[in-house]
Amino acid sequence: MINTQKSFEQQDHGILYLVPTPIGNLDDMTFRAVSILKDVSLIASEDTRNTQKLLNHFDIDSPQISFHEHNSKERTPQLIEKLKNGESVAQVSDAGMPSISDPGVDLVKAAIDEGLTVVPLPGPNAALTALIASGLSPQPFYFLGFLPRKKKDLLAELKELNKRKETLVFYESPHRIKQVVETMKVAFSDERKVVLAREVTKRFEEFIRGTIGEVLEWLNHEKIRGEFVIIVEGNETIDDEENPWNNWTLKEHVESVMANEALPSKKAIKEVALIRKIPKRLVYAAFHEIEN
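Everything in the sequence shown is counted per the numbering used here, starting at 5 for the first residue and increasing by one.
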C-alpha cells in the first residue's frame, strides 16, 4: 500500500524528528536543529552523556532517553507510543546523521508502519563531507559504512567490492585502519587511488591522498589517531567479462532477449547487435544458422 506524508500539515500525533549533530565542530549545529531540540518533548540519544554536553552548550533543557543498538528493540515501542500520544521526539546519534550506522533506522521503519510523521533535518555527515574533498569522483558512489571485522570476511567483502565502478566510501577506527588498507592492497591493487580523511571537521582534520601502496607506507610511519573515512577509487578496469551473456552464443543471447523482453526475433537481433557492438547481419546469420 502506498504511503504518503505531508510533513508540515497539522498532525494529530507527535512528530519524529531526525536531528543531525556535529561530527566534531560545534559550529556546524544548525539554528533549526537547536530549535527542534528545544521544542520536542523528548530526545532519544545514542549516548545521553555525550549528547548532554551538546545540550548544555546550546542551553537546551529537553529531557533525554537512551536509544542505542543494545536497547532499540525495547525502546522503539515506547517511543512509538509517545508519538501516538502527541509527544514529539527528536532522535540523535553520537555524531552526524541518525540512521547512518545507527539504530535509528528501526525507529523510522516502525513510525512509518504506524502512519506517523518522520521529518529529517539536513546536517553534518562524515562520509559526504570527506567525499567532496577527496578529489575522487563523488558520483556515483557506494557507501558501505563499517567493513567486516574478521580477516576472512573482510577480504571476501573487498574482493566483491572490487567488481564495482563506483567510488567506495567506508568508516574505520584508528586501530583497524592499517589492517583494512593492507587487505585493500590484496583485494584491489597497489596503484588504486585512495584517500584517508582523518578527524573530519575537527582541529586535527587531515587528508592523506595517494595510491594504496603510498598510503600504506604513510600508515607504517605514523602514529595513528582519530576516526577515519576511507574513500577508494572505483574499479575502472571492469569490462564485459562481468556481463552474463559473455559466455553465450549469439543465438542463445537472442533467445534470451526474446524470452525476457517478449520481443520478436527481428527486434531481439537488433538489440543484441547494439549490446555487443557488432554488425546486425552477424547476429542474424548466427540466429538463423546461416553459413557465411
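Yeah, the Cβ is synthetic: ideal placement off N, Cα and C, and Gly gets one too.
A straight-line Cα-Cα distance of about 6 Å links residue 47 and residue 69. Judged by beta-carbon spacing, residue 185 lies within the 8 Å limit of residue 223, meaning their Cβ atoms are closer than that value. Taken in chain order, the complete beta strand (DSSP E) segments of 3 residues or longer contained in the region 33-115 are 46-49, 68-70, 93-96. Excluding sequence positions up to five before and after residue 230, its CB lies within less than 7 Å of the CB of 178, 202, 203, 208, all in the same chain and listed in chain order.
Non-local beta-carbon contacts of residue 219 in its own chain, meaning distances under 7 Å to residues more than five positions away in sequence, involve 185, 198, 200, 212 in chain order. Between the alpha carbons of residue 16 and residue 90 lies a distance of about 7 Å.
Within the same chain, and ignoring the five residues on either side of residue 33 in sequence, the residues whose Cβ sits closer than 6 Å to its Cβ are 26. Around the beta carbon of residue 133, 16 or more other beta carbons sit within 10 angstroms, so the residue counts as buried. In this structure, the beta-carbon distance from residue 72 to residue 50 falls below 8 Å. Scanning 233, 196, 261, 258 for the CA closest to the CA of residue 129 turns up 233. The three-state secondary structure of residue 131, taken from DSSP, is helix. DSSP places residue 149 in the uninterrupted beta strand (DSSP E) bounded by 145-150. In the displayed model, residue 199 falls within a strand according to three-state DSSP. No Cβ-Cβ contact shorter than 8 Å links residue 6 with residue 23. The Cβ atoms of residue 146 and residue 172 sit closer than 8 Å to each other. When C-beta atoms of the region 108-119 are compared with those of the region 54-62, fewer than three pairs fall below 8 Å, so the two segments do not count as touching. Straight-line spacing of the CA atoms in residue 241 and residue 77 works out to 44 Å. Within a 10 Å sphere around the beta-carbon of residue 196 sit 16 or more other beta-carbons, which makes this residue buried.
Excluding sequence positions up to five before and after residue 116, its CB lies within less than 7 Å of the CB of 7, 122, all in the same chain and listed in chain order. With a threshold of 16 other beta carbon atoms within 10 Å, residue 31 falls short and is exposed. A distance below 7 Å between beta-carbons, with the five flanking residues on each side excluded, links residue 54 to the following residues of its chain, in chain order: 98. Annotation: residue 175 to residue 131 spans about 8 Å, alpha carbon to alpha carbon. Residue 251 and residue 52 have their C-alpha atoms some 57 Å from each other.
DSSP places residue 235 inside the beta strand (DSSP E), whose first and last residues are 232-236. DSSP places residue 291 in the uninterrupted alpha helix (DSSP H) bounded by 284-291.
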